[in-house]
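Presented below is the structure to which this report refers.
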Amino acid sequence: MLMKKRIPFVAFRTRVRDETIEGPNPYRWEVRTTEDYFSGKRVVLFSLPGAFTPTCSTRQLPDFEKLYDEFRKEGIDSVYCLSVNDAFAMNAWGKALGVEKVGLIPDGSGEFTRKMGMLVAKDNLGFGMRSWRYAAVVNDGVVQQWFEEEGLSDNCESDPYEVSSPQNILETLRTHNTAAAS
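Quick note: the sequence shown uses UniProt numbering, first residue 1, plus one each step.
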């Protein structure tokens, strides 16, 4: 779906590796904003219910990682995965899955997700507030294309995953790029 909506300004508390710090946890806090992630770039953002959860860990994030170079061929500068998880969980998850190309954005308080209208209760699964599964093509902070799974609701009994898959987004980008070139 085509859309022209500016993403909200949010500051994210991230943890970044710092070689000057000794010990088993050589990371420091760094605040990064939506401007840091999205200004002057064309990116794919995808959001999912949670780090270490089944669909997110076995299909969604690994498939975006595998197809990263294909996104680059379609004019995408970066691919970001956002979840309502803290920086510690996101970093551990990325490390556990061997993620090297997809950037992980921790939306620990859910502020960005709430401002995007995608914050839902998942109390039925013991998760609390989480993100609905969606993706977007964002150009310089403006959403160009929107991919939202059906059934957006609190405590949804199902976990749809099709519209926001990397395969669907790539197909849409390829079709759009081919049409634009004609």
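Every residue gets a Cβ at the ideal spot worked out from N, C-alpha and C, and that includes glycine.
query: Endpoints, beta strand (DSSP E) assigned at A11; result: 11-17
query: Pair within 8 Å by beta-carbon distance, P166 and F64; result: yes
query: When S47, A121, S83 are compared against D107, the one with the closest alpha-carbon; result: S83
query: Best match in R13, F46, E35 for proximity to E162 [C-alpha to C-alpha]; result: F46
query: For P49, three-class secondary structure by DSSP; result: coil
query: Counted within 10 angstroms of its Cβ, other Cβ atoms place S131 as buried (16 or more) or exposed; result: buried
query: H176 versus N168 - alpha carbon distance; result: 12 Å
query: The region 40-59 contacting the region 86-105, beta-carbon criterion three pairs below 8 Å; result: yes
query: Element boundaries [alpha helix (DSSP H), containing L97]; result: 87-97
query: Check: E100 C-beta below 7 Å from any heavy atom of the ligand FAD; result: Only the bare structure without any ligand can be found here, which leaves the ligand FAD out of the picture.
query: Simplified DSSP assignment, three categories, for L125; result: helix
query: C56, DSSP secondary structure in three states; result: helix
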